[in-house]
Amino acid sequence: MAGGCAGGGAGAQGADASGSASAAPFVTAAPAGVTALEPLPAAVPPGLAPYYGQRLGWQPCDDGYECTTFRVPLDYDRPADGDLTLAAVRAGATGADRLGSLLLNPGGPGGSAVEYVEAAARGYDAGVRARYDLVGLDPRGVGRSAPVSCLTGERMDAYTAVDITPDDPAEVDALVAAAREFAEGCGKQAGARLGHLGTVEAARDLDVLRALLGDERLNYVGKSYGTFLGATYAGLFPGRTGRMVLDGAMDPSLDATTGNRTQAGGFETAWAAFARDCAKRDDCPFGRTEQQAGEQLAALFTAVDAHPLPTTDGNRRLSEAQATTGVIQAMYADFLWPRLRTALADARAGDGTALLKLSDAYYGRESDGSYPNLMFANMAVNCLDLPAPFAGPEDAARAVPDFERASPRFGRDMAWMALTCTYWPVPPTGAPHTVRAAGAAPIVVVGTTRDPATPYAWAQALAGQLESGRLLTYDGDGHTAYGRHDACLDGAVNRYLLGGEPPENGKRCGR
Numbered sequence: 002m003a004g005g006c007a008g009g010g011a012g013a014q015g016a017d018a019s020g021s022a023s024a025a026p027f028v029t030a031a032p033a034g035v036t037a038l039e040p041l042p043a044a045v046p047p048g049l050a051p052y053y054g055q056r057l058g059w060q061p062c063d064d065g066y067e068c069t070t071f072r073v074p075l076d077y078d079r080p081a082d083g084d085l086t087l088a089a090v091r092a093g094a095t096g097a098d099r100l101g102s103l104l105l106n107p108g109g110p111g112g113s114a115v116e117y118v119e120a121a122a123r124g125y126d127a128g129v130r131a132r133y134d135l136v137g138l139d140p141r142g143v144g145r146s147a148p149v150s151c152l153t154g155e156r157m158d159a160y161t162a163v164d165i166t167p168d169d170p171a172e173v174d175a176l177v178a179a180a181r182e183f184a185e186g187c188g189k190q191a192g193a194r195l196g197h198l199g200t201v202e203a204a205r206d207l208d209v210l211r212a213l214l215g216d217e218r219l220n221y222v223g224k225s226y227g228t229f230l231g232a233t234y235a236g237l238f239p240g241r242t243g244r245m246v247l248d249g250a251m252d253p254s255l256d257a258t259t260g261n262r263t264q265a266g267g268f269e270t271a272w273a274a275f276a277r278d279c280a281k282r283d284d285c286p287f288g289r290t291e292q293q294a295g296e297q298l299a300a301l302f303t304a305v306d307a308h309p310l311p312t313t314d315g316n317r318r319l320s321e322a323q324a325t326t327g328v329i330q331a332m333y334a335d336f337l338w339p340r341l342r343t344a345l346a347d348a349r350a351g352d353g354t355a356l357l358k359l360s361d362a363y364y365g366r367e368s369d370g371s372y373p374n375l376m377f378a379n380m381a382v383n384c385l386d387l388p389a390p391f392a393g394p395e396d397a398a399r400a401v402p403d404f405e406r407a408s409p410r411f412g413r414d415m416a417w418m419a420l421t422c423t424y425w426p427v428p429p430t431g432a433p434h435t436v437r438a439a440g441a442a443p444i445v446v447v448g449t450t451r452d453p454a455t456p457y458a459w460a461q462a463l464a465g466q467l468e469s470g471r472l473l474t475y476d477g478d479g480h481t482a483y484g485r486h487d488a489c490l491d492g493a494v495n496r497y498l499l500g501g502e503p504p505e506n507g508k509r510c511g512r
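In terms of my numbering, the sequence shown opens at residue 2 and continues consecutively.
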């Protein structure tokens, strides 16, 4: 059963049937009843002074980087109730003319910013590396920062394989049981932390770190969910927001049902782009038209649902849910498309190994059968940030036709897979809202026209909400755009980070 790695969302508005977006940015009206996120008082409350007054003790770690930890309150409204210890890593500026710190977040929710910086820092633009300390903070509940755990590796294997296109009451019951087991496991193992892992609290943690780093303003690059985290920071602390880039943007104004449904539409757009590309290739296993590819994918899913495929990974067999997740994983980056063509051809020939490996990559499963806390944290954050989309399986079943209209290929799966939050052991603390961040410095919002996980319309919506938003468009495929070696887009972002001049609102790059 796949988990949503983006959460929230908008649909395919602003894009035609081919997935190419309209040329000009536009402002979308917020749904009725949705209000703006209000900023916090500028002064640090007295009860938080000890946290803002800490000193960071950086120590050498992990292949030449520096690591540190610091404390934040479990509950910002009740700081006397206890602490969490958060972990951060730093790659120091390589030049003398330092601008300060640049915090990076890879998204998720659940992605480790510490691991991301350690993997990506040396590949960052040389000019940016010269003038910024690149800093990664694992958000609360993630990675090395009081991580949440929910299931053993064996039970996660079962969770990822459970049927998410139930055909009868018994399969519905099995799906509900898996969702309950996951949620209850999180509640048992996380305890009180589980109610304090929302994005607002994580954004407040960013402000504590900003102060401890000695920066007057937060300079930040966030991708995918990292855009929601960054936008939340800007909404809470507009006067402390520095140079901020939000790449693969989320729209915070949408409820979970709308977000999940329209994210399914994003994956449909990405699948169509893959199918068109596949039809041009000699090794395409799925016909020579987009329609043929869609029909044959549906036939493959149906066949795997009836008879899971053997793999070379011990006794594991590829279920329909894992086959779907494998295809979804390959939609995140077009460099995975050749691998997907091979995996689909193998599956049609009766071998599910390659598709299972793609599914395992989505969840971060290790070869020893263990899982990182990525999906545990993903659910923990998403289930706090928004009320559950469905009150029970009956609601999910009623929503399936709308989801399938948005995505004939993935809609049914993405309706049913949203059930886990229904059984979450703590109530949500967030709700849909807009972010104005009035008075903030320019905020660059990057959208990719055929992004599967954060559809382009989300970037348009967020840029329209932000008082100082600047929309930068990448006409292309895959999830997020900065750092993918498009000279136009990377140049625009780097000039902003280094010189403070944002690109013209509506600037377009790519194909």
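Positions of the beta carbon are idealized from the N, C-alpha and C atoms, including for glycine.
Since we're looking at a predicted model, the values are computed, not measured.
message: Please tell me whether residue 132 and residue 94 are closer than 7 Å, where the distance is taken between their beta carbons.
response: yes
message: At 4 residues or longer, what runs of the alpha helix (DSSP H) sit wholly inside the stretch 294 to 332?
response: 321 to 332
field: Which residues DSSP lists as bridging residue 478, in chain order
entry: 451
The alpha helix (DSSP H) enclosing residue 343, as first and last residue numbers: 338 to 349
task: Can you grab the Cα-Cα spacing for the pair residue 58 / residue 214, in whole Å?
output: 11 Å
message: Here's a check: name, in chain order, each residue in its chain whose Cβ is nearer than 7 Å to the Cβ of residue 121, leaving out the five neighbours to either side.
response: none
query: Is the distance from the Cβ of residue 87 to the Cβ of residue 146 below 7 Å?
result: yes
field: Rounded C-alpha distance that separates residue 394 from residue 157
entry: 21 Å
message: Quick check on this structure: which residue in 92, 377, 153 and 108 has the alpha carbon closest to the alpha carbon of residue 124?
response: 92
- request: Pull up the distance between the alpha-carbon of residue 309 and that of residue 440, whole angstroms please.
  value: 55 Å
query: In this structure, what does DSSP give as the bridge partners for residue 461?
result: Residue 461 is not bridged to any residue.
- prompt: Sorted by chain position, which residues of the same chain lie with C-beta nearer than 6 Å to residue 478's C-beta, five sequence neighbours on each side aside?
  reply: 274, 335 and 451
- request: Assess, as a yes-or-no matter, whether the stretch 491 to 502 is touched by the stretch 258 to 276 under the definition of 3 or more beta carbon pairs within less than 8 Å.
  value: no
field: residue 169 classed as buried or exposed, judged by whether at least 16 other C-beta atoms fall within 10 angstroms
entry: exposed
message: Please classify residue 390 as buried or exposed, where buried requires at least 16 neighbouring CB atoms within 10 angstroms.
response: buried
message: Please classify residue 316 as buried or exposed, where buried requires at least 16 neighbouring CB atoms within 10 angstroms.
response: exposed
task: Assess, as a yes-or-no matter, whether the stretch 170 to 185 is touched by the stretch 52 to 70 under the definition of 3 or more beta carbon pairs within less than 8 Å.
output: no
field: Classification of residue 98 by the beta-carbon crowding that lies within 10 angstroms, buried from 16 upward
entry: exposed
message: Give me, in chain order, the residues of the same chain whose beta-carbon lies closer than 8 Å to that of residue 400; leave out the 5 immediate sequence neighbours on both sides.
response: 258, 262, 390, 391 and 416
Residue closest to residue 295, alpha-carbon to alpha-carbon, out of 328, 229 and 202: 328
- request: Could you give the DSSP three-state label for residue 106: helix, strand or coil?
  value: strand
- prompt: Residues bridged to residue 71 by DSSP?
  reply: 87
- prompt: Nearest CA to the CA of residue 508: which residue from 475, 497, 488 and 484?
  reply: 475
- request: Identify whether residue 220 lies in helix, strand or coil by the three-state DSSP scheme.
  value: strand
Range of the contiguous beta strand (DSSP E) that encloses residue 244: 242 to 248
message: In this structure, how does DSSP classify residue 424 when only helix, strand and coil are distinguished?
response: helix
query: Which of helix, strand or coil does DSSP assign to residue 507?
result: coil
- request: Quick one: give me the first and last residue of the beta strand (DSSP E) that residue 98 is part of.
  value: Run containing residue 98: none; DSSP gives neither H nor E here.
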